[in-house]
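Residue numbers (mature numbering (1 follows the signal peptide of the UniProt record, and there is no 0)): -24 to -1, 1 to 130.
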């Protein structure tokens, strides 16, 4: 015969197990990484180099995690870059074009040599995986993104 305390315990155990499964599905795939201390961004950005280039694969894969409002300065990649957005909502803008809003599950292909910036929206953080070929050189940094550019006014 089952007593009330046993039923309560069983119910709590089932609820805890189901809740833990939901939490596990919401946890990030990769660790957040290190808080970036470079001067090429505004706001807090964490970087985690997941796979560096080697003698076989000439590209880097990194994760970037931005708090709301954080953004990179204008920059370009000599060999291009692919951004795979995995969490949140962000912005991407190429020089001379309107700012785009990007969401979890979207992919941006930053063309080689095209000046651009990307980051989080004011109200949402954003996380992406970046695949960057390295055979033509490292990222080239330019000026800061102005508040007007960030707001989509330029």
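Cβ atoms here follow ideal geometry from the backbone N, Cα and C, with glycine treated the same way.
Boundaries for residue 25: no alpha helix (DSSP H) harbours it, while the beta strand (DSSP E) harbouring it runs 21 to 27, taken from the DSSP string. Residue 125: member of the alpha helix (DSSP H) spanning 123 to 126, first to last residue.
Straight through space, the alpha carbons of residue 89 and residue 25 are spaced by roughly 22 Å. In the DSSP assignment, residue 69 forms a beta bridge with 93. In this structure, residue 99 and residue 15 do not form a Cβ contact; the two beta carbons are roughly 25 Å apart against a cut-off of 8 Å.
A straight line joining the alpha-carbon of residue 22 with that of residue 118 spans about 20 Å. Judged by their CB atoms, residue 84 and residue 59 are nearer to each other than the 8 Å cut-off.
Our two residues, residue 125 and residue 66, have alpha carbons roughly 14 Å apart in a direct line. Taking 3 residues as the minimum length, the beta strand (DSSP E) runs contained wholly in the segment 28 to 61 are 35 to 42, in order along the chain. By the neighbour-count definition (other C-beta atoms within 10 Å, threshold 16), residue 81 is an exposed residue. Distance from the CA of residue 5 to the CA of residue 41, rounded to the nearest whole angstrom, comes to 12 Å. The DSSP-derived three-state label of residue 10 is strand. Counting other Cβ atoms within 10 Å of its Cβ, residue 63 reaches 16 or more and is therefore classed as buried. A direct Cα-to-Cα measurement between residue 61 and residue 46 gives close to 15 Å. In the structure shown, residue 114 falls within a coil segment according to DSSP collapsed to helix, strand and coil.
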